[in-house]
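Residue numbers (mature numbering (1 follows the signal peptide of the UniProt record, and there is no 0)): -17 to -1, 1 to 391. Backbone N, C-alpha and C fix where the C-beta goes; we use that ideal spot for every residue, glycine too. Just so we're clear, the structure is a prediction, and the values are computed from it rather than from any experiment. Inspection log for the structure reproduced underneath, given as structure tokens.
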């Protein structure tokens, strides 16, 4: 059986040119098995585009009429379906623009990760569930822009049926207990994944979508042992089989198949490969937020040392990370970015570089997130790549980390 690491190494070394290459595919003029020529993934998440997280989109959320609501479900329920659909339509049309995508490409980035909820396929929504409708046309438009800009796309199932993690806005519905972990909801997620695989291979707008993540941030086995074990034993292998079956139905050549991404072992749900029928064409995700790591000393030297000495799993893609520090120190004199001095900005620039170098010792990185509006009442660029570039805390060339890293 091919190892997960060799599969990812093959993924990162497949091409030597930025332009897409084509192969014949049934019912399509050309394929989209395109990979960045750079040997590492360097990207940003498009957070709050299709699953709005109010904590990072405060003004936007209030302007939609959703102020005071925790998540998309409660907003839709409060506004009513038709009014909510109109409010979300305006959001989808303006939160991420073509200009954003072109700017991302100009900053030395080669990848975007697009978080979506299962409800973007509307026939999977059950009676009594409350999600916005009409997002698919905007997803089609967005991936088309990415194709035009030459950006690789990771399509991420970020919000699962029944919510895969409790009390999280990113699932679309904050719940006390995660209801995803049963065969009925697995089946809805599986239908989403096979539908999305089919769409990627047959819709030319999706030309550069090369990776499909089967579930973002499921529960940890330390907190929900039976749910995590059930997912790895049942849902994970079924996801692999259903995606590959969808591709086989289209006669997709082996070299043109999607990379199927799982949360890696370090995430804490267990070994994602333990029940897979194959690891060929798989990739693995890790999310590394020093903000929530109690082992990191809460000082500038502590954060720098933690990043410089970090070692993720070989080949892993760090699909989420940020410049945020622990909540109890983020606004003190050492770390505050309100009216940040040039010295403060330079420190964050160095910490950005230290993290980038650490993550590029593995498969690369995707920053959380591209855009925010607002966090804590101001432009909190520690979470927002676009604002951090404007502030000077992230350089305009994503490949320049080695030149400025304090690890040297």
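Taking 8 Å as the threshold (C-beta atoms), are residue j and residue i in contact?
i           : j           : result
residue 23  : residue 346 : yes
residue 34  : residue 99  : yes
residue 307 : residue 388 : no
residue 115 : residue 55  : yes
residue 246 : residue 200 : yes
residue 197 : residue 219 : yes
residue 348 : residue 304 : yes
residue 281 : residue 312 : yes
residue 185 : residue 233 : yes
residue 121 : residue 171 : no
residue 125 : residue 25  : no
residue 395 : residue 314 : This structure gives no information on residue 395, because the portion of the chain shown stretches from -17 to 391.
residue 353 : residue 30  : yes
In the DSSP assignment, find the alpha helix (DSSP H) that holds residue i and state where it starts and stops.
i           : result
residue 74  : 64 to 77
residue 288 : 283 to 291
residue 264 : Taken as a continuous stretch (DSSP letters only), residue 264 belongs to no alpha helix (DSSP H), as it is neither H nor E.
residue 220 : 219 to 232
residue 386 : 384 to 387
residue 127 : 119 to 132
residue 82  : 81 to 89
Is residue i close to chain B, meaning its C-beta is less than 8 Å from at least one C-beta of that chain?
i           : result
residue 325 : The structure shown contains no chain B, having only a single protein chain.
What would DSSP say about residue i, mapped onto helix, strand or coil?
i           : result
residue 39  : helix
residue 57  : helix
residue 269 : strand
residue 276 : coil
residue 139 : strand
residue 302 : strand
residue 251 : coil
residue 320 : coil
residue 110 : coil
residue 50  : coil
residue 297 : coil
residue 15  : Any reading at residue 15 must be qualified, since the residue scores a pLDDT of 39, below 50, and its modelled position is unreliable; the value itself is stated next. Three-state DSSP puts residue 15 in coil, outside helix and strand.
residue 32  : coil
residue 1   : Below a pLDDT of 50, predicted positions are generally treated as unreliable, and residue 1, at 27, falls in that range; the measurement from the model is reported next regardless. Here residue 1 sits in coil by DSSP.
residue 213 : helix
residue 391 : coil
residue 326 : helix
Assuming residue i and residue j form a contact by the criterion Cβ under 8 Å, report the distance between their Cβ atoms to the nearest whole angstrom.
i           : j           : result
residue 143 : residue 151 : Contact doesn't hold; Cβ gap of about 11 Å is too wide.
residue 215 : residue 261 : Not quite, the Cβ-Cβ distance comes to about 15 Å (not below 8 Å), so this is no contact.
residue 358 : residue 38  : 7 Å
residue 134 : residue 87  : 7 Å
residue 32  : residue 78  : 5 Å
residue 221 : residue 169 : 7 Å
residue 176 : residue 226 : 6 Å
residue 84  : residue 136 : Residue 84 to residue 136, Cβ: 11 Å. No contact.
residue 212 : residue 205 : Their Cβ separation, rounded to whole angstroms, is 12 Å, which puts residue 212 and residue 205 out of contact at 8 Å.
residue 52  : residue 61  : 6 Å
residue 153 : residue 36  : 6 Å
Starting from residue i and walking both ways along the beta strand (DSSP E), at which residues does that stretch end?
i           : result
residue 25  : 24 to 28
residue 99  : 94 to 100
residue 244 : 242 to 246
- prompt: Could you give the uninterrupted runs of the beta strand (DSSP E) lying entirely in the stretch 143 to 209, keeping only those of 3 residues or more?
  reply: DSSP runs (the beta strand (DSSP E)) wholly in the stretch 143 to 209: 192 to 196.
task: Pick out the complete alpha helix (DSSP H) segments inside the stretch 329 to 381, 4 residues or longer, and give them in chain order.
output: 368 to 374
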